[in-house]
Every structure is written in C-alpha cells, then in structure tokens.
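J.: As given, the protein sequences belong to chains F and S, one line each in that order.
All the letters of the first sequence, read from the start, carry residue numbers 1 to 112 under our numbering.
All the letters of the second sequence, read from the start, carry residue numbers 1001 to 1110 under our numbering.
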Amino acid sequence: GESVGLHLPTLSVQEGDNSIINCAYSNSASDYFIWYKQESGKGPQFIIDIRSNMDKRQGQRVTVLLNKTVKHLSLQIAATQPGDSAVYFCAETPIGTYKYIFGTGTRLKVLA
Amino acid sequence: EAGVAQSPRYKIIEKRQSVAFWCNPISGHATLYWYQQILGQGPKLLIQFQNNGVVDDSQLPKDRFSAERLKGVDSTLKIQPAKLEDSAVYLCASSLSSQYFGPGTRLTVT
Chain F
1 GESVGLHLPT
11 LSVQEGDNSI
21 INCAYSNSAS
31 DYFIWYKQES
41 GKGPQFIIDI
51 RSNMDKRQGQ
61 RVTVLLNKTV
71 KHLSLQIAAT
81 QPGDSAVYFC
91 AETPIGTYKY
101 IFGTGTRLKV
111 LA
Chain S
1001 EAGVAQSPRY
1011 KIIEKRQSVA
1021 FWCNPISGHA
1031 TLYWYQQILG
1041 QGPKLLIQFQ
1051 NNGVVDDSQL
1061 PKDRFSAERL
1071 KGVDSTLKIQ
1081 PAKLEDSAVY
1091 LCASSLSSQY
1101 FGPGTRLTVT
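(1) Alpha carbon to alpha carbon, how far is N27(F) from Q1006(S)?
(2) Helix, strand or coil: which one does DSSP assign to G1(F)?
(3) Evaluate contact between the segment 1080-1092 of chain S and the segment 99-107 of chain F, counting only Cβ atoms and requiring at least three cross-stretch pairs below 8 Å.
(4) Could you compute how far the alpha carbon of K42(F) sits from the alpha carbon of L1046(S)?
(5) Would I1075(S) and H1029(S) be called neighbours here (beta carbons separated by less than 9 Å)?
(6) A24(F) to G1102(S), Cα distance in whole Å?
(7) Using the C-alpha atoms, what's the distance from S12(F) back to F1049(S)?
(8) Does the CB of D128(F) have a neighbour CB from chain S at under 9 Å?
(9) Quick check on this structure: which residue in Y1035(S), L1096(S), D1056(S) has the alpha carbon closest to the alpha carbon of K1078(S)?
(10) Determine contact between the segment 1006-1020 of chain S and the segment 49-61 of chain F, defined as no fewer than three beta-carbon pairs at a distance below 8 Å.
(11) Could you tell me which chain S residues have their CB closer than 8 Å to the CB of P94(F), listed as they occur along the chain?
(12) Given a threshold of 16 other Cβ atoms within 10 Å of its Cβ, counted over all protein chains shown, does I1038(S) qualify as buried or as exposed?
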C-alpha cells in the first residue's frame, strides 16, 4: 500500500539498537499523552500512554518520558526490531476533553 | 475483541460527486471520532461524538461534510460535493479510555 508520511523526518537505526523518537507538544494544559505506531495501509495503533502527573512510564520494550517544563515527549524503543519500522505519532489531550491532537510523525527505519 | 470496522477501504470518485463512509466502533465505546489524514501528516480531527451527540465539530467543513451517529453506535461521514483536496485517508476511532483506530478509507478525488 501507499506509504504514510513520505516527507516525514526519518530516524534510521540498526537492528538491535535502541531508538529514541521525540515530540514537542503545543498545549501546556494537556494532561494525557499517547504514542501511536502507524504502518502502511493501517490505522494508528496505540503503543503507550502517560498522564501529566508522571515523568516516565514503561511498557514492553518501550518507555515514554514526559518533560512538562519544555513540553517534550519521547518514546524509547529497546532492541529495535524490523517490525518496529513504521511512522510514529505523538498525541496530546487537553485537560477536560477527550480530544486527541496529533503531532507531526517520525518515520522509523530499522536497518538489518 | 473485534476492532473498529470501516468500509469501504478504498474509493475513487470525480470531483463534485458525493461519497459516504461507514464506521462500526468497538462494542461499548461511547466516544467515536472521524479523522482526516492527508499523506505525510498526522490525523486531523473532523468530528467527535459522545454517544449520539456531537462534542466537537469545529474542524469539520460543514459546507460539504456531514456526519451522523444514529442510535449512538454506527456512524457515517459524507462529503458532498467532493473537491480534489479531499483526497486523504478517513480514519474512524472509538474509545472508552484509550482510543482505537479502524483501518481507514482511502479516498481519491480525480
């Protein structure tokens, strides 16, 4: 299928290395943040989320870090695998809403 | 658990024609969203429903786009008449706490 994000920033990592994908969010009133993975021809897939009362949250091979001072979110993927190749989006939710505002994605390419 | 279903998966129409997309959310999810995703960009919210009521439609081009969610379950999104710049993937999502997306409908307007 046609690729998502042909002109997006690209991060290339070697298989087995760790990946760090960064995102700057816009609204200091946002209190919920989510990372999504989107493969070609598919809808975004939930990876991990974090609330604003936390700085760090870990999942299976993934960690999300939140720095509210500089409105920065990062996704760390440990031991990156070929199946991790996709476009990654962060999203923020302003407090009191269920509205998701998506950032510009980053394409992750895993090199064998 | 079944995911969010959307149909059709692909649609090609000429400008000024009409088109409709259908979404069946995950059972029990009260909140339903329609997004437009233009190639190379993140999804942009068009409309958000809570049950069968509209919560946010501030970015819906209401002169040509309409959406409804009768009975608070399935939803349809319509474009009439379509323009070339409407070419995009239209994503439906639903949530109870976390948001889950359907596969999307890829619309090409020629």
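Backbone N, C-alpha and C define an ideal beta-carbon position, used for all residues, glycine too.
What you are looking at is a predicted structure, and each value in this text was computed from that prediction instead of being measured.
T.: Let me lay it out:
(1) 31 Å
(2) Summary for G1(F): the model assigns pLDDT 36, below 50, so the residue's position carries little reliability; its value from the coordinates is reported in the next sentence. In this structure, G1(F) counts as coil in the three-state DSSP scheme.
(3) no
(4) 19 Å
(5) One detail in the question is off: residue 1075(S) reads as Ser in this sequence, not Ile. It is not a contact, given that the beta carbons lie outside the stated cut-off.
(6) 26 Å
(7) 38 Å
(8) The structure shown does not extend to residue 128(F), since chain F is modelled only from 1 through 112, so no value can be given for it.
(9) Y1035(S)
(10) no
(11) Per Cβ cutoff of 8 Å: no residues; P94(F) is ~11 Å from chain S at best.
(12) exposed
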